[in-house]
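Here the protein sequences line up with chains A and B, keeping their order. Start counting the first sequence at 0; every next residue gets the next number (the working numbering). Start counting the second sequence at 0; every next residue gets the next number (the working numbering). Don't be surprised by glycine CBs; every beta carbon is placed ideally from N, CA and C. These numbers come from a predicted model, not from an experiment. Shown next, in structure tokens, is the structure this report addresses.
2 protein chains.
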Amino acid sequence: MKKSLGAGTLAQPTPAWLVGTYDADGKPNVMTIAWGGICFSAPPCVAVCVRPGRHTFPAITARRGFTVNIPSQNLARETDYVGMVSGAAVDKFAVAGLTATKSTLVDAPIVNECPLVLECRLVRTMDLGAHTQFVGEILDVKADESVLAPDGHVDPLKLRPLVYAPGDGKYYGLGEVVGKAFGIGKELMGK
Amino acid sequence: MKKSLGAGTLAQPTPAWLVGTYDADGKPNVMTIAWGGICFSAPPCVAVCVRPGRHTFPAITARRGFTVNIPSQNLARETDYVGMVSGAAVDKFAVAGLTATKSTLVDAPIVNECPLVLECRLVRTMDLGAHTQFVGEILDVKADESVLAPDGHVDPLKLRPLVYAPGDGKYYGLGEVVGKAFGIGKELMGK
């Protein structure tokens with residue numbers, strides 16, 4: 000018998016990603032999101048959800064683009080910080096010791112310190128209650144060589160992304176390999 | 000200098016969740032999704048992305064509801080299996096050894112073996128390319144007592160959710176606590 004916890008956003012895991020934008024003054028800004036995820040394969044798209052009051056909000060609507068920068072565990076403190084303060088009040092890049100490079104594909108900054116970055120062109124917007132969902136088409140993914148496996152794919156154990164747990168309010172690291180997708184379930188086929 | 004990997008769905012982490020539905024014959028069905036995530040706080044909503052060809056697709060549009068069932072690591076094989084076969088051809092619950100209880104809130108089955116379940120009423124649909132995004136308002140979250148901390152919150156280290164890594168194609172477990180959200184970044188404030 001399961002216990003009712005009420006209506007809430009208690010799904011796990013969620014990401015901890017940094018959304019990069021340029022504000023109206025051309026200043027690079029970055030905010031943390033946990034509400035979002037990959038939403039389409041073809042074209043490849045990612046959704047990020049932002050409240051209208053955030054400094055990032057008018058930046059995305061004006062520039063029609065953003066980056067999704069995936070921090071490693073060693074950037075947990077910086078990731079947490081840029082989710083708590085407003086780019087309207089402070090230069091988050093400067094305080095957090097982050098540096099920006101302008102994307103050549105979209106009008107948004109890449110966070111150099113994040114080893115994996117998605118460059119996204121705004122293609123859809125959905126309003127619902129307290130948040131707006133921005134869907135970005137992923138025009139390119141760029142990675143530091145340091146997080147690539149010998150065959151060129153992104154190695155999660157090198158990337159070491161943060162995992163956020165709503166309800167618990169903590170960041171976690173990635174654990175051990177459990178199994179291969181489209182693989183470990185095959186033994187149930189034909190049963 | 001970052002290396003271009005091309006356009007693709009290479010964000011990490013993504014979830015491995017089981018979407019529960021009843022098909023046109025009233026048979027409970029379940030499929031795995033990695034494309035999705037929490038998308039709004041108020042009202043609490045979760046997005047799941049499904050290709051129109053999937054057996055789950057007409058079930059969600061007809062019943063206007065679904066469940067998001069979060070499997071623990073020990074269900075990795077079952078999670079993988081139900082993502083590879085079609086409920087049009089097989090009874091996935093029976094083959095995977097899963098059992099269903101009808102939700103009292105939405106017209107969809109709860110997967111009893113999953114310790115955390117979100118009961119969702121379909122509120123929005125967004126088509127884009129190969130997938131359709133279904134946004135469900137979370138009417139209730141139900142949990143097994145076994146995954147709750149003494150204070151009643153969901154303990155991720157008891158839940159042990161699967162983490163899927165696109166590009167790598169493997170499921171991972173959750174690792175150690177990295178830090179407290181809205182906490183570890185505070186030392187950068189006022190700098």
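* Three-state secondary structure (DSSP) at E112(B)? -> coil
Rounding to the nearest angstrom, what Cα-Cα distance links P70(A) and L17(A) in this structure? 7 Å
Between the Cα of L161(B) and the Cα atoms of L4(B), D79(B), A129(B), G151(B), which residue gives the shortest distance? D79(B)
The beta strand (DSSP E) spanning T100(A) covers which residue range?
99-101
Original post:
Is M30(A) close to chain B, meaning its C-beta is less than 8 Å from at least one C-beta of that chain?
Top reply: no
Close-in-space but distant-in-sequence residues of the same chain around L117(B) (CB under 7 Å, 5 per side omitted): V45, T66, V67, I137, V140
> So what does Y171(A) bridge to, in DSSP terms?
Replying inline: V162(A), V176(B)
Between which residues of its own chain and T100(B) is the CB-CB distance below 6 Å, once the five residues before and five after are set aside?
I109, N111
Original post:
If you draw a straight line from the C-alpha of G178(A) to the C-alpha of F39(B), how long is it?
Top reply: 31 Å
- Task: Quick one: grab the DSSP three-state call for P70(A).
- Result: coil
Practice prompt. Compare the C-alpha of P195(A) against each of T98(A), M125(A), W34(A), D106(A) and name the closest.
Written response: The structure shown does not extend to residue 195(A), since chain A spans only 0 to 190, so no value can be given for it.
- Quick one, which of R120(B), M188(B), G182(B), Y170(B) has its alpha-carbon nearest G135(B)'s? R120(B)
Query raised in the report: Rounded to a whole number of angstroms, what is the C-alpha to C-alpha distance between S145(A) and L156(A)?
Result: 11 Å
Pick out the complete beta strand (DSSP E) segments inside the stretch 120-150 of chain B, 3 residues or longer, and give them in chain order.
130-142
Exercise. Helix, strand or coil: which one does DSSP assign to P155(B)?
Worked result: helix
Run through chain A and tell me which residues come within less than 9 Å of F181(B), C-beta to C-beta. D79, G82, M83, G168
Practice item. Could you run through the stretch 38-60 of chain A and flag, in chain order, every residue whose CB is less than 7 Å away from some CB of chain B? Key: C38, F39, S40, A41, P42, P43, C44, V45, A46, C48
query: Is the Cβ of R76(A) closer than 8 Å to any Cβ of chain B?
result: yes
Can a CB atom of chain B be found closer than 8 Å to the CB of P14(A)? yes
Report task. Output the boundary residues of the alpha helix (DSSP H) element that contains P59(A). Result -> Checking the sequence, you will find Ile at residue 59(A) rather than Pro. First-last of the alpha helix (DSSP H) with I59(A): 55-62.
Return the chain-ordered list of same chain residues with a C-beta closer than 8 Å to the C-beta of R50(A), the five sequence neighbours on each side being excluded. F56, A129, H130, T131
Interface flag, P165(B) vs chain A, CB-CB below 8 Å
yes
Practice item. Taking A95(B) as the query, report the chain A residues whose CB atoms sit under 7 Å from its CB, ordered along the chain. Key: L187
Whole angstroms are fine: how far does the CA of Q11(A) sit from the CA of V153(B)? 9 Å
Between which two residues does the alpha helix (DSSP H) carrying V81(B) extend?
75-81
Could you tell me whether the Cβ atoms of V81(A) and T31(A) are closer together than 8 Å? yes
*asked:* Using only the alpha-carbon positions, how far apart do K26(B) and A164(A) sit?
replied: 32 Å
inquiry  = Tell me which residues share the same chain as D106(A) and place their Cβ nearer than 6 Å to its Cβ, disregarding the 5 neighbours each side in the sequence.
reply    = R62, G64
What number of angstroms, rounded off, separates the C-alpha of A142(B) from the C-alpha of K1(A)? 5 Å
request  = Check each candidate in S85(A), A15(A), P43(A), A58(A) and name the one with the smallest Cα separation from D24(A).
outcome  = A58(A)
(Q) According to DSSP, simplified to helix, strand and coil, what is V49(A)? (A) strand
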